[in-house]
Structures are given as structure tokens and as C-alpha cells.
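Enquirer: Chains as they are written, first to last, in my numbering: chain A, 374 to 525; chain B, 374 to 525.
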DNA sequence: TATTGTTATACTCTATAACTATA
DNA sequence: TATAGTTATAGAGTATAACAATA
């Protein structure tokens, strides 16, 4: 099927996209996201849910709004996330001590174990995805650079 | 409003998230995406639409499916994108020479000018977003690294 | 049989506005 | 009046399945 209009054998020229950090970030993140989902979907955990658990695990007692602000999400998005994680018996809402409007979020006993096993999987997934980097220095440099690019 | 459960003055501990390239990629990309939208939304151009235009500009005559494959999208998503860009008189569908099933995509005369001005904006946006990087070497290193992390 | 563009559909993610109960 | 959680809703973005025309 010879077809001039498809350039099957010719590589596509990405032009300006090759020099745009924004585009490269999108492709890299898409790759990580897809692999993460394959690795963790059987546990019912998406990247977003994992981030919520990680914050609650390290910061017990935070309110839903505080978690949302830390992750850069809207607080309305937290409702379904916390509903799901509470339904999975991973985290729990407790009435906040000094403010009857808000809940404080805590890991359940099962949730703490679950998070440990989940973290092991995620770390393994990261190791595979970052295997092409040249050593620990390059990894640290990348993490710092991405952090710099995330602010403001 | 003193409230122990909110840790207003205490920084949130991101724990394992700090060491995950996947999470850092997500935050950095979110930042780029938001800024891109602010810079280009008045032109009706999203990051995804910009990518389509960039590919068509550099590879005139590609089919919709070929563009979708290059960008890692499903071909069904191309329909609305090309509809919109054709409605804006930026690109146009022409019957493919050797295959009456497919269209070949080309820039219009106006589209070529539009893309030049749009690119200038995007490059300016990129310059601002990457101003924190230390020189051109670091930028090139980052682009190469992200490309490496995008594959497979 | 396989592929292109298309449509319908659905699912996720995200953000906005409005409501309630508290503060 | 302002805020926390909630609900309803709507807009992107993305993916799947099926169809007609064509290969």
C-alpha cells in the first residue's frame, strides 16, 4: 500500500515541540501515569488517590481542605476521593477537635499496612521508569529541577 | 482562630511524593499547562491543539490518523480538534491522493501566519517558565532527559 | 479482512456555584 | 461575614465500540 500522503517510512518532524519543556513534560507524565495505572489499578488506586494517602500518612489530622491545598486541587474534589478511601478502609474522617465544620483525616490500622505495600509497588514502578537515568545524581538533579519548575 | 488540626503554620510533609519523578512531573506539567492556557486561551488554543498545528505545519499532507499516532492520541480525538482548527481557518482537510478514505491535512495561508504569531507567544511563555534553569546546557539536558523518560 | 474518518458513548479529572452548618 | 464540607453541574480530555466507505 504505497501512499505518499502518509509518509509511513518518514519520521514525523516534531518541529518546535522538540524544544518545548511543556510538551516534553506532557509526554513524560503521560508515560508515568499509564504505567502507574497498570501497576496499581488492581488495588483501585490512581496517582491522585495515592497522593492523598501519602499526605494523610505523613500529616495525620489534616482537614480535607488542607490536603486539597497541599496537592493543588479544589476541596470539592476531595469529597469523592475521601469517600472512596474511607470505603476501602484506608483512611477515616474524625470530627475535628476545635471546629465542628471540619473533619480530621487519619490512616486506619489497615490503611497504614496498605500504604506500605502500595508504596513498595510505587517505588518499584519508579525504579523501572527511571532506570535510564545515569545514577543517583541525575535523579536528584531531575527532582530538584522539576520542583523548581512547579512553583508559582 | 487557633486550630490544632489544621497545622496552619506547619509546612505539610510530602513524604514519599518528594522522591517520585511521577509526582514531580505532574506538578510541573500542571504549572506549565495553566500558564499556557492563560497565555493562549484568548486565541482559542489549548496545548493539545497547539501540538496538532505544530505537527501539520512541519509535516504537510499527513492524515488525521498519522497525526494522532505521532501525538500518542486516539484518532477519534482528532475529529473535534481538526473540526475546530478548520473552523478557525488554520488548517484544512484535502482529499488524500491515493486513498479516498482519508484526508490530508495542510495549513491554510492564514494558518501559517497564525502559527508564527502563536509560536512567538509560546516561546515567550517557555522562556518565562524556564527562566530558573541555569543556562542553555541545563535546558538541553532537561529536554533530553524528559524525552528519555517518555519512551516505551 | 483491514483501515479511515466518524459518531455515540462513557469515564476521569477538574473547576464553579450554591447550599448547610458552623465559626 | 467567612469558612468546611457537600452537592450538582459542566467542561475538558481521553478511550472504546461500532458503522459506512474504501482499501
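Glycine included, each C-beta is placed from N, C-alpha and C at the ideal position.
1) Hey, how far is the Cα of residue 484 of chain B from the Cα of residue 518 of chain B?
2) Quick one: is residue 325 of chain B near chain A, going by C-beta distance under 9 angstroms?
3) Nearest CA to the CA of residue 430 of chain A: which residue from A:486, A:480 and A:414?
4) Counting beta carbon pairs with one atom in the region 394–411 of chain B and one in the region 449–466 of chain A, are three or more of them shorter than 8 angstroms?
5) Can you tell me where the beta strand (DSSP E) with residue 480 of chain B in it begins and where it stops?
6) Any heavy atom of the ligand ZN within a distance shorter than 8 angstroms of the CB on residue 489 of chain B?
7) Check the Cβ-Cβ distances between residue 449 of chain B and every residue of chain A, and say whether any is below 9 angstroms.
8) If I measure Cβ to Cβ from residue 526 of chain B and keep anything under 6 angstroms in the same chain, skipping five residues before and after, which residues do I get?
9) Run through the region 408–489 of chain A for me and flag every whole beta strand (DSSP E) of 3 or more residues, listed as ranges in chain order.
10) Put residue 525 of chain A into one of helix, strand or coil per three-state DSSP.
11) Does the region 387–407 of chain A come within contact of the region 390–402 of chain B, defined as at least 3 CB pairs closer than 8 angstroms?
12) So what does DSSP say about residue 504 of chain A, is it helix, strand or coil?
13) Let me make sure I understand the geometry here. Which of A:389, A:385 and A:383 has the alpha-carbon closest to that of residue 488 of chain B?
14) Can you list, in chain order, the residues of the region 384–403 of chain A whose Cβ is nearer than 8 angstroms to any Cβ on chain B?
15) Answer with yes or no whether the minimum CB distance from residue 519 of chain A to chain B is below 9 angstroms.
16) Under the rule that 16 or more other beta-carbon atoms within 10 Å means buried, what is residue 490 of chain A, buried or exposed?
17) According to the Cβ coordinates, are residue 391 of chain A and residue 516 of chain B closer than 9 angstroms?
18) Just to confirm my understanding: we take residue 470 of chain A, look at its own chain, exclude 5 residues before and 5 after, and list those with CB closer than 8 angstroms. What are they?
19) Using a C-beta to C-beta distance shorter than 7 angstroms, which residues of chain B count as neighbours of residue 458 of chain A?
20) For residue 385 of chain B, which three-state DSSP category applies?
21) Residues of chain A with CB under 8 angstroms from residue 502 of chain B, in chain order?
22) Drop a sphere of 10 angstroms on the beta-carbon of residue 493 of chain A, count the other beta-carbons inside from all chains shown, and report buried for 16 or more, exposed for fewer.
23) Using the Cα positions of residue 502 of chain A and residue 472 of chain A, report the straight-line distance between them to the nearest angstrom.
24) Are residue 444 of chain B and residue 417 of chain B close, meaning C-beta to C-beta below 9 angstroms?
25) Alpha carbon to alpha carbon, how far is residue 522 of chain B from residue 377 of chain A? Give it in angstroms, no decimals.
26) Quick check on residue 393 of chain B: does DSSP put it in helix, strand or coil?
27) Out of curiosity, what's the CA-to-CA distance linking residue 514 of chain A and residue 514 of chain B?
28) Who are the neighbours of residue 499 of chain B on chain A, taking C-beta pairs under 9 angstroms?
29) Would you tell me roughly how many angstroms separate the C-alpha atoms of residue 464 of chain A and residue 506 of chain A, rounded to the nearest one?
Expert: If we stick to the structure as given:
1) 32 angstroms
2) Lying outside 374 to 525, the shown extent of chain B, residue 325 of chain B is not represented and no answer is given.
3) A:480
4) Touching, no.
5) Residue 480 of chain B: member of the beta strand (DSSP E) spanning 476–480, first to last residue.
6) For the ligand ZN, the structure offers nothing, since it holds no ligand at all.
7) Chain A, which has no Cβ nearer than 9 angstroms to the Cβ of residue 449 of chain B, makes this no.
8) Residue 526 of chain B lies beyond the residue range present for chain B, which begins at 374 and ends at 525; the question has no answer from this structure.
9) Within the region 408–489 of chain A, the complete beta strand (DSSP E) runs of at least 3 residues are 464–468 and 476–480.
10) coil
11) Yes, they touch.
12) coil
13) Selected option, being the one with the closest Cα: A:389.
14) 385, 386, 387, 388, 389, 390, 391, 392, 393, 394, 395, 396, 397, 398, 399, 400, 401, 402 and 403
15) Chain B, which has a Cβ nearer than 9 angstroms to the Cβ of residue 519 of chain A, makes this yes.
16) exposed
17) yes
18) 477
19) Residues of chain B passing the Cβ test: none, with the nearest at roughly 16 angstroms.
20) Residue 385 of chain B falls in the coil class under three-state DSSP.
21) 394, 395 and 522
22) exposed
23) 43 angstroms
24) no
25) Summary for residue 377 of chain A: the model assigns pLDDT 38, below 50, so the residue's position carries little reliability; its value from the coordinates is reported in the next sentence. Approximately 32 angstroms, taken between the alpha carbons.
26) Looking at residue 393 of chain B - three-state DSSP - the assignment turns out to be coil, as it is neither helix nor strand.
27) For residue 514 of chain A and residue 514 of chain B, the distance between alpha carbons rounds to 10 angstroms.
28) 392, 393, 394 and 395
29) 35 angstroms
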